[in-house]
Amino acid sequence: MKSPDKRKYDRYDTEVKVYFYVNYEVKTKVDYQVLDKKQKKLEHEKHHATTRDVSAQGMCFLSNEKLNKGDWLYLEVYVPKSKKPIPMEGEVRWSENMKEDKKEKSKFYTGVQLKAVNGIPVDASIYFDESYRIVWSAVLESILGNFRKFAQKREKIEK
């Protein structure tokens, strides 16, 4: 049974053209490591995931690992056409098994509340963009900003 939605900010499907005027699939690859809070160091194993959606303060990704609510993560988000990953930190809010076929290896959707992007606190970066009439943040700018710039360049070329 699914728990009630407790998100503070709306989710935007990164494959939907309406929200960001993007008519191509926007998926990002994520590498992440769990941070041991007591020892203040990263686990050695790096895990891989693919984003499902993103919001002003968080993201959902699909991976092979079940994470625990409260796990602290260090993430490296790889945006297409960018050479360097975007460093982020966040806390796992939930992790659910995606059971489509029992014969396949388990995969898990995990929701992460992001706390920092490039060392910038996410909460301090959230604002309402009057021109686009949307809540925006360092999270959305870091992941979707390049696509917005690409779309703007394309619009200029087409005019």
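Start counting at 1 in the sequence shown, then tack on 221, and there's your number in my numbering. By construction, the Cβ of each residue, glycine as well, lies at the ideal position given by its N, Cα and C atoms.
Between the options, which lies nearest to residue i when the distance is taken from Cα to Cα?
i, options, result
"Thr-272", "Asp-257, Phe-349, Pro-301", "Pro-301"
"Asn-285", "Gln-334, Pro-306, Lys-328, Glu-297", "Lys-328"
"Val-356", "Asp-226, Tyr-230, Pro-225", "Tyr-230"
"Ser-303", "Ile-347, Gly-366, Pro-225", "Gly-366"
"Lys-326", "Lys-250, His-265, Pro-225, Lys-287", "Lys-287"
"Lys-261", "Lys-336, Arg-228, Trp-293, Leu-335", "Trp-293"
"Arg-232", "Val-333, Tyr-295, Lys-259, Ala-270", "Val-333"
"His-364", "Glu-351, Lys-336, Ala-277", "One point to set straight first is that residue 364 is Ile, not His, in the sequence displayed. The shortest Cα separation from Ile-364 among Glu-351, Lys-336, Ala-277 belongs to Ala-277."
"Ala-337", "Asn-289, Leu-296, Lys-259", "Leu-296"
"Pro-342", "Tyr-353, Gly-311, Asp-226, Lys-267", "Gly-311"
Taking its Cβ as the centre, do 16 or more other Cβ atoms sit within 10 Å of residue i, making it buried, or is it exposed?
i, result
"Gln-345", "The amino acid at residue 345 is misidentified as Gln; the sequence shows Ala. Burial call: exposed."
"Met-319", "exposed"
"Phe-282", "buried"
"Ser-352", "exposed"
Out of curiosity, what's the CA-to-CA distance linking residue i and residue j?
i, j, result
"Lys-305", "Tyr-253", "15 Å"
"Val-255", "Ala-359", "22 Å"
"Met-309", "Ile-347", "15 Å"
"Gly-279", "His-265", "24 Å"
"Lys-248", "Ala-270", "10 Å"
"Val-275", "Leu-361", "7 Å"
Just verifying my parser: in three-state terms, what is the DSSP assignment at residue i?
i, result
"Val-251", "strand"
"Lys-332", "The sequence shown places Gly at residue 332, not Lys. Gly-332: strand per DSSP, three-state reduction."
"Val-300", "coil"
"Ile-364", "helix"
Assuming residue i and residue j make a contact with CB atoms under 8 Å, what is their CB distance in whole Å?
i, j, result
"Val-313", "Val-251", "The Cβ separation is near 13 Å, so there is no contact."
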